[in-house]
Amino acid sequence: MAQPRRGRPAVTIAIRAGRPDDHPALLEIWLRAVRATHGFLTEDQIQALLPLLRDQYLAAVELWVAAGADGAPEGFMGLDGSKVEMLFVDPDRHGRGTGRALLAHAAALKGDLTLDVNEQNPGALAFYRRCGFRQTGRSPLDGQGQPFPLIHMTSAAG
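Residues 0 to 157, numbered by the numbering used here, are exactly what the sequence shown covers, in order.
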(Lines of atoms letter the chains of each structure in order from A and count residues from 1; the text may use other names and numbers.)
(Lines give C-alpha, C1' and ligand atoms only; values in the text may rest on other atoms or scores of the structure.)
Protein backbone atom coordinates (compact mmCIF):
# COMPACT_ATOMS: atom_id res chain seq x y z
CA MET A 1 0.00 0.00 0.00
CA ALA A 2 1.31 3.45 -0.85
CA GLN A 3 2.11 5.86 1.95
CA PRO A 4 -0.30 8.79 2.22
CA ARG A 5 0.81 12.29 3.13
CA ARG A 6 0.94 13.11 6.83
CA GLY A 7 -2.47 13.87 8.28
CA ARG A 8 -4.33 11.85 5.66
CA PRO A 9 -6.01 8.54 6.46
CA ALA A 10 -4.41 5.39 5.08
CA VAL A 11 -6.36 3.97 2.18
CA THR A 12 -6.35 0.68 0.34
CA ILE A 13 -5.51 1.05 -3.33
CA ALA A 14 -5.78 -1.86 -5.75
CA ILE A 15 -4.12 -1.59 -9.15
CA ARG A 16 -5.74 -3.53 -11.96
CA ALA A 17 -5.71 -3.58 -15.74
CA GLY A 18 -8.06 -1.06 -17.30
CA ARG A 19 -11.10 -2.26 -19.23
CA PRO A 20 -13.26 -0.58 -21.85
CA ASP A 21 -16.12 -0.35 -19.34
CA ASP A 22 -13.83 1.81 -17.15
CA HIS A 23 -13.52 4.47 -19.84
CA PRO A 24 -16.51 6.66 -18.82
CA ALA A 25 -15.24 6.88 -15.22
CA LEU A 26 -11.67 7.51 -16.42
CA LEU A 27 -12.82 10.31 -18.70
CA GLU A 28 -14.58 11.92 -15.74
CA ILE A 29 -11.43 11.59 -13.62
CA TRP A 30 -9.40 13.11 -16.45
CA LEU A 31 -11.79 16.07 -16.77
CA ARG A 32 -11.79 16.74 -13.03
CA ALA A 33 -8.02 16.37 -12.74
CA VAL A 34 -7.23 18.55 -15.75
CA ARG A 35 -9.60 21.27 -14.60
CA ALA A 36 -7.96 21.20 -11.16
CA THR A 37 -4.32 21.14 -12.30
CA HIS A 38 -4.04 22.52 -15.82
CA GLY A 39 -4.93 26.18 -15.32
CA PHE A 40 -3.04 27.04 -18.49
CA LEU A 41 -5.70 25.29 -20.61
CA THR A 42 -8.97 26.95 -21.53
CA GLU A 43 -12.22 25.02 -21.23
CA ASP A 44 -12.38 24.96 -25.05
CA GLN A 45 -8.92 23.35 -25.18
CA ILE A 46 -9.94 20.78 -22.58
CA GLN A 47 -13.10 19.94 -24.52
CA ALA A 48 -11.05 19.57 -27.72
CA LEU A 49 -8.76 17.04 -26.01
CA LEU A 50 -11.60 14.95 -24.55
CA PRO A 51 -12.58 13.13 -27.79
CA LEU A 52 -8.90 12.40 -28.50
CA LEU A 53 -8.57 10.79 -25.09
CA ARG A 54 -11.83 8.88 -25.53
CA ASP A 55 -11.35 7.76 -29.13
CA GLN A 56 -7.58 7.35 -29.45
CA TYR A 57 -5.36 7.80 -26.42
CA LEU A 58 -6.96 5.37 -23.95
CA ALA A 59 -6.90 2.56 -26.52
CA ALA A 60 -3.28 3.29 -27.49
CA VAL A 61 -1.72 2.63 -24.07
CA GLU A 62 -1.35 -0.17 -21.55
CA LEU A 63 -4.01 1.07 -19.18
CA TRP A 64 -3.88 0.60 -15.39
CA VAL A 65 -6.57 1.69 -12.95
CA ALA A 66 -6.19 2.51 -9.26
CA ALA A 67 -9.36 1.47 -7.48
CA GLY A 68 -10.42 2.24 -3.94
CA ALA A 69 -11.87 -0.17 -1.40
CA ASP A 70 -15.24 0.02 -3.16
CA GLY A 71 -13.67 -0.94 -6.51
CA ALA A 72 -14.40 2.44 -8.11
CA PRO A 73 -11.58 4.03 -10.12
CA GLU A 74 -9.71 6.81 -8.30
CA GLY A 75 -6.98 7.30 -10.87
CA PHE A 76 -5.38 5.77 -13.92
CA MET A 77 -2.14 5.52 -15.83
CA GLY A 78 -1.31 4.75 -19.43
CA LEU A 79 2.02 3.19 -20.37
CA ASP A 80 3.79 2.83 -23.69
CA GLY A 81 6.64 0.50 -22.86
CA SER A 82 8.46 2.14 -19.95
CA LYS A 83 7.07 5.61 -20.70
CA VAL A 84 4.26 6.93 -18.53
CA GLU A 85 2.11 8.58 -21.21
CA MET A 86 -0.61 9.66 -18.78
CA LEU A 87 -1.28 9.61 -15.06
CA PHE A 88 -4.39 11.23 -13.63
CA VAL A 89 -5.87 11.03 -10.15
CA ASP A 90 -9.25 12.31 -9.03
CA PRO A 91 -8.52 15.64 -7.29
CA ASP A 92 -10.47 14.45 -4.23
CA ARG A 93 -7.90 11.64 -3.92
CA HIS A 94 -4.75 13.75 -4.26
CA GLY A 95 -2.26 13.14 -1.46
CA ARG A 96 -3.57 9.69 -0.53
CA GLY A 97 -0.97 7.59 -2.34
CA THR A 98 -2.92 6.82 -5.51
CA GLY A 99 -0.38 8.34 -7.91
CA ARG A 100 2.54 6.79 -6.03
CA ALA A 101 0.83 3.38 -6.16
CA LEU A 102 0.38 3.67 -9.91
CA LEU A 103 4.03 4.67 -10.41
CA ALA A 104 5.23 1.86 -8.14
CA HIS A 105 3.18 -0.61 -10.17
CA ALA A 106 4.68 0.71 -13.41
CA ALA A 107 8.21 0.51 -12.01
CA ALA A 108 7.62 -3.07 -10.84
CA LEU A 109 6.52 -3.98 -14.37
CA LYS A 110 8.92 -1.91 -16.46
CA GLY A 111 11.90 -0.88 -14.32
CA ASP A 112 13.17 2.64 -14.91
CA LEU A 113 10.44 4.94 -16.21
CA THR A 114 10.33 8.07 -18.34
CA LEU A 115 7.60 10.67 -18.66
CA ASP A 116 6.83 14.18 -19.83
CA VAL A 117 5.08 16.68 -17.59
CA ASN A 118 3.73 20.12 -18.42
CA GLU A 119 6.08 22.78 -17.10
CA GLN A 120 2.98 24.85 -16.26
CA ASN A 121 1.73 22.13 -13.90
CA PRO A 122 3.97 22.77 -10.86
CA GLY A 123 2.05 20.36 -8.64
CA ALA A 124 2.69 17.43 -10.97
CA LEU A 125 6.31 18.45 -11.48
CA ALA A 126 6.84 18.54 -7.70
CA PHE A 127 5.05 15.19 -7.31
CA TYR A 128 7.32 13.45 -9.80
CA ARG A 129 10.41 14.96 -8.17
CA ARG A 130 9.22 13.68 -4.77
CA CYS A 131 8.83 10.26 -6.40
CA GLY A 132 12.49 10.32 -7.45
CA PHE A 133 12.22 11.51 -11.04
CA ARG A 134 14.80 13.93 -12.40
CA GLN A 135 14.73 16.23 -15.39
CA THR A 136 16.52 15.07 -18.54
CA GLY A 137 15.36 17.75 -20.97
CA ARG A 138 12.74 20.25 -22.01
CA SER A 139 10.66 20.86 -25.13
CA PRO A 140 9.04 24.24 -25.84
CA LEU A 141 5.92 22.63 -27.37
CA ASP A 142 3.62 19.85 -26.22
CA GLY A 143 2.68 16.77 -28.25
CA GLN A 144 0.01 18.70 -30.16
CA GLY A 145 2.48 21.44 -31.10
CA GLN A 146 0.98 23.90 -28.61
CA PRO A 147 3.18 26.34 -26.63
CA PHE A 148 2.88 24.35 -23.40
CA PRO A 149 6.48 23.35 -22.56
CA LEU A 150 7.18 19.79 -21.50
CA ILE A 151 9.75 18.70 -18.94
CA HIS A 152 11.22 15.28 -19.80
CA MET A 153 11.95 13.15 -16.74
CA THR A 154 13.34 9.74 -15.81
CA SER A 155 13.36 7.61 -12.70
CA ALA A 156 16.76 6.17 -13.65
CA ALA A 157 19.69 7.09 -11.43
CA GLY A 158 21.86 9.79 -12.97
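Where a beta carbon is used, it is the ideal one built from N, C-alpha and C, also for glycine.
Values in this document were obtained by computation on a predicted structure and should not be read as measured data.
Which residue marks the beginning of the beta strand (DSSP E) containing residue i, and which one marks its end?
{"i": "glutamine 134", "result": "133–138"}
{"i": "histidine 151", "result": "149–153"}
From which residue to which residue does the alpha helix (DSSP H) around residue i run?
{"i": "arginine 128", "result": "121–129"}
{"i": "alanine 16", "result": "Alanine 16 -> not in any alpha helix (DSSP H); beta strand (DSSP E) instead, spanning 13–16."}
So, residue i versus residue j, is the Cβ gap smaller than 8 Å?
{"i": "alanine 13", "j": "alanine 66", "result": "yes"}
{"i": "threonine 41", "j": "glycine 74", "result": "no"}
{"i": "leucine 57", "j": "glycine 38", "result": "no"}
{"i": "leucine 149", "j": "serine 138", "result": "yes"}
{"i": "valine 64", "j": "arginine 15", "result": "yes"}
{"i": "glycine 131", "j": "serine 154", "result": "yes"}
{"i": "tryptophan 29", "j": "leucine 62", "result": "no"}
Residue i bridges to which residues according to DSSP?
{"i": "threonine 113", "result": "Lys82 and Thr153"}
State yes or no: is the C-beta of residue i nearer than 7 Å to some heavy atom of the ligand GDP?
{"i": "glycine 67", "result": "The ligand GDP is not among the ligands present in this structure, which contains no ligands whatsoever."}
Taking contact to mean 3 or more Cβ pairs, one atom from each stretch, closer than 8 Å, check whether the region 101–112 and the region 17–24 are in contact.
Because the criterion of three Cβ pairs below 8 Å is not met, the region 101–112 and the region 17–24 do not touch.
Taking contact to mean at least 3 C-beta pairs separated by less than 8 Å, is the region 87–94 in contact with the region 106–117?
No, the region 87–94 is not in contact with the region 106–117.
Hey, which unbroken runs of the beta strand (DSSP E) at 3 residues or more fall wholly within the region 32–89?
Listed in chain order, the beta strand (DSSP E) runs fully inside the region 32–89 are 61–66, 72–79 and 82–88, counting runs of at least 3 residues.
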